[in-house]
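Colleague: If you count the sequence shown from 1, position 39 lands on 39 in the working numbering, and the numbers rise without skipping.
Glycine included, C-beta positions come from ideal geometry on N, C-alpha and C.
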Amino acid sequence: MKTYNVAECSQFLAAAIQKSYIFKNITVRGTLSGVHTHFSGVTFFSLYDGSRRISCFIGRMHHAFLT
(Lines of atoms letter the chains of each structure in order from A and count residues from 1; the text may use other names and numbers.)
(Lines give C-alpha, C1' and ligand atoms only; values in the text may rest on other atoms or scores of the structure.)
Protein backbone atom coordinates (compact mmCIF):
# COMPACT_ATOMS: atom_id res chain seq x y z
CA MET A 1 0.00 0.00 0.00
CA LYS A 2 1.37 3.40 -0.99
CA THR A 3 1.14 6.27 1.49
CA TYR A 4 0.29 9.77 0.25
CA ASN A 5 0.55 13.04 2.12
CA VAL A 6 -2.40 15.42 2.45
CA ALA A 7 -1.21 17.72 -0.35
CA GLU A 8 -0.96 14.80 -2.79
CA CYS A 9 -4.42 13.53 -1.88
CA SER A 10 -5.84 17.00 -2.27
CA GLN A 11 -4.25 17.35 -5.71
CA PHE A 12 -5.56 13.94 -6.85
CA LEU A 13 -9.09 14.73 -5.69
CA ALA A 14 -9.10 18.22 -7.21
CA ALA A 15 -7.89 16.85 -10.56
CA ALA A 16 -10.50 14.07 -10.55
CA ILE A 17 -13.32 16.50 -9.77
CA GLN A 18 -12.17 19.05 -12.34
CA LYS A 19 -11.94 16.42 -15.08
CA SER A 20 -15.33 14.86 -14.34
CA TYR A 21 -18.24 16.13 -16.44
CA ILE A 22 -20.58 15.25 -13.55
CA PHE A 23 -19.20 18.12 -11.45
CA LYS A 24 -19.57 20.82 -14.11
CA ASN A 25 -22.11 23.51 -13.17
CA ILE A 26 -23.95 21.73 -10.34
CA THR A 27 -26.02 22.80 -7.37
CA VAL A 28 -25.98 20.82 -4.12
CA ARG A 29 -29.08 20.92 -1.95
CA GLY A 30 -28.97 20.09 1.74
CA THR A 31 -29.53 21.37 5.24
CA LEU A 32 -27.05 24.01 6.33
CA SER A 33 -25.37 23.63 9.72
CA GLY A 34 -22.39 24.82 11.70
CA VAL A 35 -21.94 28.12 9.87
CA HIS A 36 -18.93 30.00 11.22
CA THR A 37 -17.08 32.93 9.68
CA HIS A 38 -13.46 33.15 10.72
CA PHE A 39 -11.94 36.60 11.36
CA SER A 40 -9.99 36.16 8.10
CA GLY A 41 -13.28 36.22 6.18
CA VAL A 42 -13.48 32.51 5.34
CA THR A 43 -16.86 30.93 6.12
CA PHE A 44 -17.01 27.27 7.16
CA PHE A 45 -20.22 25.23 7.13
CA SER A 46 -21.66 21.77 6.53
CA LEU A 47 -24.41 20.56 4.22
CA TYR A 48 -26.24 17.40 5.20
CA ASP A 49 -29.23 15.38 4.08
CA GLY A 50 -29.79 13.12 7.05
CA SER A 51 -27.37 10.33 6.15
CA ARG A 52 -24.38 12.18 4.69
CA ARG A 53 -22.49 15.38 5.39
CA ILE A 54 -20.20 17.52 3.25
CA SER A 55 -17.82 19.92 4.98
CA CYS A 56 -17.50 23.15 2.99
CA PHE A 57 -15.93 26.59 3.00
CA ILE A 58 -16.29 29.81 1.07
CA GLY A 59 -13.23 31.99 0.64
CA ARG A 60 -13.57 35.65 1.47
CA MET A 61 -13.21 36.63 -2.20
CA HIS A 62 -16.23 34.49 -3.16
CA HIS A 63 -18.80 35.93 -0.73
CA ALA A 64 -19.89 38.48 -3.36
CA PHE A 65 -21.06 35.65 -5.64
CA LEU A 66 -23.57 34.19 -3.16
CA THR A 67 -27.24 34.49 -4.01
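What is the rounded straight-line gap between the Cα of LYS2 and the Cα of LYS19?
Modeller: 23 Å
Colleague: Could you round the C-beta distance between ARG60 and SER40 to whole angstroms and report it? I think they count as a contact, below 8 Å.
Modeller: 7 Å
Colleague: Please name the residue, chosen from ILE58, LEU13, ALA7, ARG52, that lies closest to HIS36 on a Cα-to-Cα basis.
Modeller: ILE58
Colleague: Here's a check: name, in chain order, each residue in its chain whose Cβ is nearer than 8 Å to the Cβ of HIS38, leaving out the five neighbours to either side.
Modeller: PHE44
Colleague: Which residues in the same chain have their Cβ closer than 8 Å to the Cβ of GLY34, if we skip the five residues on either side of it in sequence?
Modeller: Same-chain partners within the cutoff: PHE44, PHE45, SER46.
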